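Same order as they appear, the protein sequences are chains A and B. Quick note on my numbering: the first sequence kicks off at 527 and runs consecutively. Quick note on my numbering: the second sequence kicks off at 7 and runs consecutively. Backbone N, C-alpha and C define an ideal beta-carbon position, used for all residues, glycine too. These numbers come from a predicted model, not from an experiment.
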Amino acid sequence: MTSARSYIIGYILSVILTLLAPALLWLHIYNHHRFPTHPELYAAAVVLAVLQLVVQLVFFLHIGRESGPRWRLMALFFAIVIVFIVAGGALWIMQDLNGRMMPDQAQMLQYMSEQDGGI
Amino acid sequence: MMTTNAAHRTDSAPVFGFWLYLMSDCLLFAALFATYAVLRTNTFGGPDADALFNLPYALVETLILLTSSFVAGLGMVAASRGSKTGTLSAFIIALLLGLAFLGLEVHEFAGLIAAGAGPSRSAFLSSYFALVGTHGLHVALGSFWMILALVHTAKSGLHQDTMRRLTLVSMFWHFLDIIWIFIFTFVYIFGSI
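Okay, here's the thing in structure tokens:
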């Protein structure tokens, strides 16, 4: 039930996914920062990490191959939900707070001069 | 010869209990990742991720830990076939790779601190050392636990207790590699973009 095949497939896929991210970065520098663009690089890096997470969960941790009720899979889904609430929530709140921070003096003067001719 | 044992089955109670611990450990790392994501641009006039991190170095660390996780998996395959020698040799290789990873990480930390980029330099570096350091601490504890499991197996052979122990250690090891993938992506790859 534990086969070497599963680990070998998982290892090969993981190595490929690990090397793809630096390869894209190298392509970005090679193409003088025009392709892939920065937003594309960020998105690709996240997609590659999530793919490798799935590969290792399936081939190394044998998730979803349980017999009977898949309690481990359910606990995993619950953990993923909480991770999104904690990490996503923190980023959302901090970004929002950043937007509400007091601007610097130059920005304030500019704003005031736009309002009523300045001081 | 090895007898059929329930402990190795992926749906047994110890495995599920340990899985729940791993899921709660995920939440610890989620908090540390969130902290790092929020503070990663707060460099306080100090060096930022792009200036400090060496991507090829991090890539070598990643491949070493990945290989270690893979070899530990092969160790479990050998264990399920009842091969004590195979199990011990695979786990010893996994352990040595884990220690090599730790050595590289300690070297990296020492270099940063020597260059004046220690955890007290900026909020970015505090969150970096907290995140990567917590993972490193997990690897260090995992290595110690692996040594105990190896000594136990070497002394008493493969039976229900040692099988359970090896199963849980290898799960912990795979879990730490998964956490590292996200450190590699969010710290080192994002830092180089």
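query: When the distance is taken between beta carbons, is B/Val112 closer than 9 Å to B/Gly148?
result: Numbered from its first residue, the second sequence carries residue 148 of chain B at position 142. Numbered from its first residue, the second sequence carries residue 112 of chain B at position 106. Against a cut-off of 9 Å, the Cβ pair of B/Val112 and B/Gly148 comes out as no contact.
task: Might you give, ordered along the chain, the residues of its own chain that have their beta carbon closer than 7 Å to the beta carbon of A/Leu587, omitting 5 neighbours on each side?
output: Mapped onto the first sequence, residue 587 of chain A falls at position 61. Cβ neighbours of A/Leu587 beyond the five flanking positions: none.
C-beta atoms of B/Arg171 and B/Leu154 nearer than 9 Å: Indexing the second sequence from 1 puts residue 171 of chain B at position 165. Indexing the second sequence from 1 puts residue 154 of chain B at position 148. For B/Arg171 and B/Leu154, yes; Cβs fall inside 9 Å.
- request: Check B/Arg170 in the structure and name its three-state DSSP category.
  value: For the purposes of this step, residue 170 of chain B is identified with residue 164 of the second sequence, where counting begins at 1. DSSP places B/Arg170 in helix when its eight states are reduced to three.
query: Is B/Asn60 helix, strand or coil when you go by DSSP?
result: Residue numbering aside, residue 60 of chain B sits at position 54 when the second sequence is read from its first letter. If DSSP states are grouped into helix, strand and coil, B/Asn60 belongs with coil.
task: Just the chain B side, please: which residues come within less than 9 Å of A/Thr544 by C-beta, in chain order?
output: If you number the first sequence from 1, residue 544 of chain A lands on position 18. Counting only Cβ-Cβ distances below 9 Å, A/Thr544 has contacts in chain B at Leu65, Thr68, Leu69, Leu72, Ile187 and Phe190, in chain order.
query: Is B/Leu61 closer than 9 Å to A/Pro674 when the C-beta atoms are compared?
result: A question about residue 674 of chain A goes unanswered here, because the residues of chain A that appear run from 527 up to 645.
- prompt: Near A/Leu583, which residues of its chain fall below 6 Å by C-beta distance, leaving aside the five closest residues on each side in sequence?
  reply: Walking along the first sequence from the start, residue 583 of chain A turns up at place 57. The residues are Ile589.
query: To the nearest whole angstrom, what separates the beta carbons of A/Ala571 and B/Ile185, a pair I think is in contact under 8 Å?
result: As a position in the first sequence, residue 571 of chain A is number 45, starting the count at 1. As a position in the second sequence, residue 185 of chain B is number 179, starting the count at 1. Not really, about 16 Å apart at Cβ, beyond 8 Å.
- prompt: Measuring CA to CA, which of A/Ala601, A/Trp618, A/Glu640 and A/Ala613 is closest to B/Gly23?
  reply: Taking the first residue of the second sequence as position 1, residue 23 of chain B is located at position 17. Nearest C-alpha to B/Gly23 among A/Ala601, A/Trp618, A/Glu640 and A/Ala613: A/Ala601.
query: Can you name the residues of chain A whose CB is closer than 7 Å to the CB of B/Phe59?
result: Taking the second sequence and counting its residues from 1, one reaches residue 59 of chain B at position 53. Simply none; closest approach about 12 Å.
- prompt: Quick check: the segment 46-57 of chain B against the segment 621-631 of chain A, are there 3 or more CB pairs under 8 Å?
  reply: No contact exists between the segment 46-57 of chain B and the segment 621-631 of chain A.
- prompt: Residues in its own chain within less than 6 Å of B/Ala96 by CB, not counting five upstream and five downstream?
  reply: The residue labelled residue 96 of chain B in the question sits at position 90 within the second sequence. These residues qualify, in order along the chain: Val77, Leu80, Gly81 and Ala84.
field: Reduced DSSP category for A/Arg531 - H, G, I as helix; E, B as strand; rest coil
entry: Taking the first residue of the first sequence as 1, we reach residue 531 of chain A at position 5. Look at A/Arg531 here: in three-state DSSP terms it is helix.
- prompt: If you follow the alpha helix (DSSP H) that B/Phe50 is part of, which residue opens it and which one closes it?
  reply: Reading the second sequence from its first residue, position 44 is the one you call residue 50 of chain B. First-last for B/Phe50: undefined, no H or E at that position.
message: Does chain B have any CB closer than 9 Å to the CB of A/Arg626?
response: Locating residue 626 of chain A in the first sequence gives position 100, where the first residue counts as 1. False, the Cβ-Cβ gap to chain B never drops below 9 Å.
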